[in-house]
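**Q** Once you've had a glance at the structure underneath, I'll fire off some questions.
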């Protein structure tokens, strides 16, 4: 029993690690969509940031400088998306696709040109990574049953970006629901004309939202290459940007439910690794593919209105044209 | 969708602006090529030679083009109904399942001329069915079709992997793929067809599905611009509310548009599986569904434009791999970058230069117009 | 075009003098993992690079990105007058068979697949024998009696690695527990370090203290996880000991580098022969790596144990089960 409990806690521990980039990217998508900009380039921004963060950390030996550079890269891509979709009223989905494709190629091309390793960056030494922080007394507490295990295995022993990601959730909630910027943000996604009439620039607001989006994706990308792993590798986001998008929708464009959705999807992933090849009572062996598809199936079911209604911000996806 | 300034003549809008956008994409690509220490002009030369230089190259170019025509048309039909079908990838994948099942079931018993229509129907039906669910959810439950089709791409991928790994795999095979279709389940290659009439060309994967692609272009043109359905579909795309007052059911039109769209995407399997691979394989769609979006946008959702844009992407794919072949320092990833830039400039930033060109045009053209 | 070829010709000429140089134009087609996968393709790359450095003969190369390109690249090589042409990986088997039929005068070598044609040399390896040896080492090194295996794509070839490994572990410690995970069932599974790292961590959570990865680029994540957790890891295909000295217990060597090198070298010296080369321990086609990076981890007792096993396999006293012989693993 104690063994089983420990395994369960360790699965939850793994869930936190896996959910961290999803939480950050889902919140990033939330800012964009709340302002009325569909952003399917979460994937590309994470990838770009992961590469730049790893390359910078390699060059400077500092994970923090890597994080900063990753954020800058991601923000630059967010601004490109804004430039195409807000300023030039280009198609948001196409712009997102273009950024994803561009980053898939450019990161590997530059990586190859810099390091000649097929797009990989050299492995980072421990000093240039975000390492696990062991909380005080974790060692002693771990002997206390239940609570001690929870403290030592689940709460302690993550890197700072994991804690940061989960702190970002209440912060985002506060920004979106308790600040003037948040009020305007929500308004501009629902009815940009009204915001415009009130004398507030729609363009300005949407660029600000994209800035938030870029910063969060940047942290998510840096997490992938300098905390979770110790190098950048080709296509290392592996579709997590899209899972985050699904999580954001699953959370109905709200921060806390989006985080819960990320935890659920992260848990599915963690459980899949542990249930592989295990014959369960009743169901037998569950195909891995089912676990992989479940986040998307759940999101579609939710969107279909079978789990409450999910309504997107009304203006999301449509460029705002002032003179009409 | 796009508010094209009425002041510009058609040729500026349809030819000049796309060319300028393309040139921009190529210019930025050139800078990247330059940055990694190669000559952009030489690269362009290799690319064009690699795409058109000899008959086999042309064959490969047109083979890629065939895929893009199908996926481009698929996106365009949905677009005319105001829908963004980003699920071409999944629809093509599932279309391949339908086609593959037909070929595997009947290739021992039926002759080619019976299997071909069955395969066409099956790929269309499976592709349409996969598009139908997001369409239904959009029409009746208000789910955003962009999101649901993205999700359906991933679900299709997981489903196909499951089926290929656990059900359809050829025993003893390493890769998850089915057994090869027998000869009656294979589309003839163009070089074979030409050999029948005594013309020798080098072998390439180009097969007769390209003819079906061109037929589809024509059928789509008829459907969109010459039938009542097409008219209603465009009416819904332009203004669903107004179309509703005119007695057109937007729900029915959403289902129709997505059904046709999914069927067209499903035809990719005709080229890829029945034409070239002769078996169902993992990931045979290789991103063609996504590229179809760019193709459709560049081609302004018109079959003629789509053929031209498909050819462009065919050149990028084939010329790009030849480029990687010739210049070792330019590898496959640079080609992905170029494709991304083309999509960025021709799709997302398509109207960036319009105001400037408009201004230029007005400055230089107006005096002459005034003179008339 | 012509100018380009001439330039190449001149460069080749300058590099190594006239005679046989112009005659031999070797070419290699890497598969989707890419030549820097730190593992299988990279082994081939090292082999052909060694050939180039020794002989000064340049080779053509290509990395495929989609399934159609395999055939296209092999055919383009043959068309350009390349000879011999080296195909890398089982996935190129069908494409190489087709092209080899079209160009009966070109010599082809394929690694990890068998193509039965008079102008094709097929090189396959007894990966189960090498995996058995590292299994012995893993069991000797393990303190918990629990070890792990992380595979890349779930295919019979990788199960063959896993089965040999399990057999080797059980040979030393019949009560040992071996956790097995496959990263996925598509080619993407060769290149997913994050997943590899999570799988390794899940095995460490269950008590494993040595993990063997046969997963291409995914292995990088496995090794990093082992290093972070202070456990031991075993590399694959190439010698990966240098990646994390102190963590890498050893590497299961699959001498694709030798196979690639000797395909080119044999063609140059006129000793290249078609047919199947099945390389096992006896032929030095597989083995385990001991170098300055892992010598502190491998005790004299472990060396003795693994050497004994090695001799027994070569002598036929130990039969290592080949998963692909009957698609099952009795262990």
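Chains as they are written, first to last, in my numbering: chain F, 1 to 324; chain C, 325 to 696; chain D, 697 to 1027.
Don't be surprised by glycine CBs; every beta carbon is placed ideally from N, CA and C.
1. Only counting the same chain, and skipping five residues up and downstream in sequence, which positions put a Cβ closer than 6 Å to that of residue 1018 of chain D?
2. Between residue 717 of chain D and chain C, is there a C-beta pair that is closer than 8 Å?
3. In this structure, what does DSSP give as the bridge partners for residue 873 of chain D?
4. At the 8 Å Cβ level, is residue 499 of chain C part of the contact set with chain D, yes or no?
5. Does DSSP put residue 112 of chain F in a helix, in a strand, or in coil?
6. Quick check on the DSSP output: the beta strand (DSSP E) that includes residue 891 of chain D runs from which residue to which?
7. For residue 984 of chain D, which three-state DSSP category applies?
8. Go through its chain and collect everything with a Cβ distance to residue 216 of chain F's Cβ below 6 Å, but skip five positions before and after it.
9. Nearest-angstrom Cα distance between residue 670 of chain C and residue 615 of chain C?
10. Since residue 189 of chain F and residue 34 of chain F are thought to touch, with beta carbons under 8 Å apart, how far apart are those beta carbons, to the nearest angstrom?
11. Quick one: grab the DSSP three-state call for residue 818 of chain D.
12. Using only the alpha-carbon positions, how far apart do residue 717 of chain D and residue 958 of chain D sit?
13. Under 8 Å between the Cβ atoms of residue 84 of chain F and residue 672 of chain C?
14. Less than 8 Å between the beta carbons of residue 936 of chain D and residue 734 of chain D, yes or no?
15. Any beta carbon from chain D within less than 8 Å of residue 409 of chain C's own beta carbon?
16. Of all the residues that make up the region 93-114 of chain F, which are near chain C by a beta-carbon distance shorter than 7 Å?
17. Taking Cβ positions only, does residue 265 of chain F come closer than 8 Å to chain C?
18. Between residue 986 of chain D and chain F, is the shortest Cβ-Cβ distance under 8 Å, so that the two count as touching?
19. Going straight from the alpha carbon of residue 449 of chain C to that of residue 419 of chain C, what length do you get?
20. Please classify residue 992 of chain D as buried or exposed, where buried requires at least 16 neighbouring CB atoms within 10 angstroms.
21. Where does residue 717 of chain D fall in DSSP's three states?
22. Which residues of chain F have a Cβ atom closer than 7 Å to the Cβ of residue 732 of chain D, listed in chain order?
23. CA-CA distance, residue 725 of chain D and residue 294 of chain F?
24. Kindly list, in the order they appear in chain D, the residues whose Cβ is closer than 7 Å to that of residue 450 of chain C.
25. Grouping DSSP H, G and I as helix and E and B as strand, with all else coil, what is residue 906 of chain D?
26. Does the distance from the C-beta atom of residue 847 of chain D to that of residue 872 of chain D stay below 8 Å?
27. At 8 Å on the CB atoms, spell out the chain F contacts of residue 948 of chain D, in chain order.
28. Taking all protein chains shown into account, do 16 or more other C-beta atoms lie within 10 angstroms of the C-beta of residue 1004 of chain D, making it buried, or fewer, making it exposed?
29. Would you call the region 562-582 of chain C in contact with the region 452-468 of chain C, where contact means no fewer than 3 C-beta pairs closer than 8 Å?
30. Would you say residue 807 of chain D lies against chain C (beta-carbon separation less than 8 Å)?
31. So, with DSSP's three-state summary, where would you put residue 947 of chain D?
32. Name, going along the chain, the residues of the region 233-251 of chain F whose beta-carbon falls closer than 9 Å to a beta-carbon of chain C.
33. Quick check on residue 920 of chain D - is its C-beta less than 8 Å from some C-beta in chain F?
34. Is the separation between the beta-carbon of residue 169 of chain F and that of residue 259 of chain F shorter than 8 Å?
35. Thinking residue 785 of chain D and residue 807 of chain D are a contact (beta carbons under 8 Å), I'd like their distance in whole angstroms, please.
**A** This is what the structure gives:
1. 824
2. Only weak support exists for where residue 717 of chain D lies, its pLDDT of 44 falling under 50; the value from the coordinates is given anyway. It does not; no Cβ of chain C falls within 8 Å.
3. D:842
4. yes
5. helix
6. Residue 891 of chain D -> not in any beta strand (DSSP E); alpha helix (DSSP H) instead, spanning 889-901.
7. strand
8. 24, 27 and 28
9. 12 Å
10. 5 Å
11. strand
12. Because the pLDDT at residue 717 of chain D is just 44, under 50, the model does not fix this residue reliably, and the point stays unresolved.
13. yes
14. yes
15. no
16. 93, 94, 95, 97, 98, 101, 102, 104, 105, 106, 108, 109, 112 and 113
17. no
18. no
19. 7 Å
20. exposed
21. Note that residue 717 of chain D has pLDDT 44, beneath the 50 cutoff, so the model's placement of it is unreliable and no number is given.
22. 117, 118 and 120
23. 37 Å
24. Chain D residues near residue 450 of chain C: none, gap ~20 Å exceeds 7 Å.
25. strand
26. no
27. Per Cβ cutoff of 8 Å: no residues; residue 948 of chain D is ~20 Å from chain F at best.
28. exposed
29. yes
30. no
31. strand
32. 234, 239, 242, 243, 245, 246 and 249
33. yes
34. yes
35. 7 Å
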